[in-house]
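Residue numbers (the UniProt record's numbering): 6 to 472. Encoded as structure tokens, the structure appears first; notes follow it.
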Ligand code: FAD
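Okay, here's the thing in structure tokens:
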């Protein structure tokens, strides 16, 4: 029988280490499994993106005379059942490093071994797999700057070729159930196109020019000059080696030191992704627990109405609300703004980071357990390499510095279209009558930043046992 290759977060044929490995064993039968347990946490935008990518992959396999077998159910039942049905001797997949994924994979592996089917797991999702970059004492890194130094110096593997066109098992498409009747709701957000060609276009466009200004412009949300590759890296429409090779070409074309530093700054973000992947691989419990232990529990507030205002983008802090509305409308938020809204939730509203994480997990197309947990714990001052608890973002100054003309804010907040930038940045501190005059529809601030800042610092001091 054929070798079964199980696609998960690697929805591509090129630069796929596991797929290439599978092709050395026998004719490859590619499979994907829709796992309801994972789908329950994902909102419609992410599911829609993923399904488009799965369909696109299916089309590409059909061009190669095979098909993508799409299963629906528990992988530890469905994968062994498919192995049995096609008389498969071995199953190959690429490793996924989050705790939930590892548990699932162990269950599948156990079930397959029970049925006498070989399992091969391959490293693919990152350039430097968890455990390969360690401190001189042999421990995994928990401080990014040191990790980054080593990561940057290490040699990188080249992108892999696609398997030969005749490497695939001739699966009759009529035997493959369609993807159309899944009852998935409309994404209700304007999301990126989930095809391999669209992902390659995003990469090429970014490498043509934006990458050379990346260092200067990445923090300015109105510029929208970052790569927008996060959903492609999350679902593997692009291989990370392909992306890195792109940076090598850009590096060769860069014509001054500034442009070279920008390319390097972009690579640094790729390294953050790998840093967080290894943090979570070695600390799987961090998906729901603080990395950093304080002497006493942090006394997060329960405040349903504030949480709702935050989710709906109605806090009366314009940069926060713009970010939360971008998330709702696009299933995406600019990185600078993610940091601002996360700081606002955990410090100004004093609400547990896990509430914010759950909302991001539902709404983000690019939700990735390791990056999302890493970002949240950083902002909440509970992470490995976290923001110190006393350094709290001021949402007004952040808005002024990174969105001086309030262009980003006005893109997402209709009520402020006619207000001028100064008024917008000062909004929470304007007199109520002034707010009424400038933008009667836009909400008043739900908290006072200066007051909340003091309270948040006291909350962390109590957690530290300082007083
Ligand atoms: P670019 O700036 O072009 O970066 C290129 C790639 O590097 C990204 O696509 C991403 O894969 C990686 N990357 C960039 N910044 C980071 C970072 N800080 N940590 C880890 N990887 C990074 N990123 C996700 O991919 N999924 C998430 O669920 C996620 N949740 C976040 C939650 C919070 C609270 C914060 C503060 C950040 C989060 N990030 C997450 C990181 C970052 O905001 C996004 O990766 C980035 O905004 C995606 O846009 P881009 O592809 O244009 O990024």
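Heads up, the beta-carbon is just placed ideally off N, CA and C, and yes, glycines get one too. Remember, predicted model here, so these are calculated numbers, not experimental data.
- Excluding its 5 nearest sequence neighbours in each direction, residue 172 has C-beta neighbours in its own chain below 7 Å: 28, 32, 33, listed in chain order.
- Beta-bridge analysis with DSSP links residue 33 to 8, 173.
- Secondary structure in the segment 114 to 152: the beta strand (DSSP E) runs of 3 residues or longer, each lying completely within the stretch, are 123 to 127 in chain order.
- Between the segment 400 to 408 and the segment 281 to 291 there are fewer than three inter-stretch CB-CB distances shorter than 8 Å, so the stretches are not counted as touching.
- Not one heavy atom of ligand 1 lies closer than 8 Å to the C-beta of residue 389.
- Closest by C-alpha distance to residue 308, out of 64, 95, 452, is 452.
- Looking at the DSSP output, residue 99 sits in a beta bridge with 127.
- Annotated three-state conformation of residue 74 is strand, per DSSP.
- Taking 8 Å as the cut-off, one finds no heavy atom of ligand 1 near enough to the beta carbon of residue 244.
- In the displayed model, residue 39 falls within a strand according to three-state DSSP.
- With the rule of 3 Cβ pairs closer than 8 Å, the segment 338 to 355 counts as touching the segment 213 to 230.
- Here residue 306 carries a coil assignment [DSSP, helix/strand/coil].
- Residue 379 is positioned such that its CB atom lies closer than 9 Å to that of residue 280.
- Counting C-beta atoms within 10 angstroms of its own C-beta, residue 154 has fewer than 16 neighbours from the protein chains shown and is therefore classed as exposed.
- Across the set 131, 364, 152, the C-alpha of 152 shows the shortest separation from the C-alpha of residue 141.
- Distance from the CA atom of residue 109 to the CA atom of residue 78, rounded to whole angstroms, is 12 Å.
- Taking C-beta atoms as the reference points, residue 429 and residue 415 count as a pair closer than 9 Å.
- Between residue 13 and residue 99, the gap from beta carbon to beta carbon is short of 9 Å.
- Taking 9 Å as the cut-off, the beta carbon of residue 39 is found closer than this to the beta carbon of residue 76.
- In this structure the segment 426 to 444 does not touch the segment 253 to 264; the number of beta carbon pairs closer than 8 Å is below three.
- Using a 10 angstroms sphere on the CB of residue 65, the tally of other CB atoms reaches 16 or more, which defines it as buried.
- A contact between stretches requires three or more CB pairs, one per stretch, nearer than 8 Å, and the segment 306 to 326 meets this requirement with the segment 356 to 364.
- Taking 9 Å as the cut-off, the beta carbon of residue 112 is found no closer than this to the beta carbon of residue 88.
- When rounded, the separation of the alpha-carbon atoms in residue 336 and residue 80 is 27 Å.
- By alpha-carbon distance to residue 74, the top candidate from 242, 389, 9, 199 is 9.
- No Cβ-Cβ contact shorter than 9 Å links residue 368 with residue 135.
- Going by DSSP, residue 229 is part of no alpha helix (DSSP H) at all; its letter is neither H nor E.
- Remark: the shortest separation between the CB of residue 384 and any heavy atom of ligand 1 falls under 8 Å.
- With a cut-off of 8 Å, the C-beta of residue 283 is classified as distant from ligand 1, since no heavy atom of the ligand falls inside that distance.
- Shortest gap from the CB of residue 347 to any heavy atom of ligand 1: under 8 Å.
- Taking residue 126 as the centre and dropping the five residues before and after it, the same chain places the C-beta of 98, 100 closer than 7 Å to its C-beta, in chain order.
- Taking all protein chains shown into account, residue 83 has 16 or more neighbouring C-beta atoms within 10 Å of its C-beta and is therefore buried.
- Judged by beta-carbon spacing, residue 209 lies beyond the 9 Å limit of residue 143, meaning their Cβ atoms are not closer than that value.
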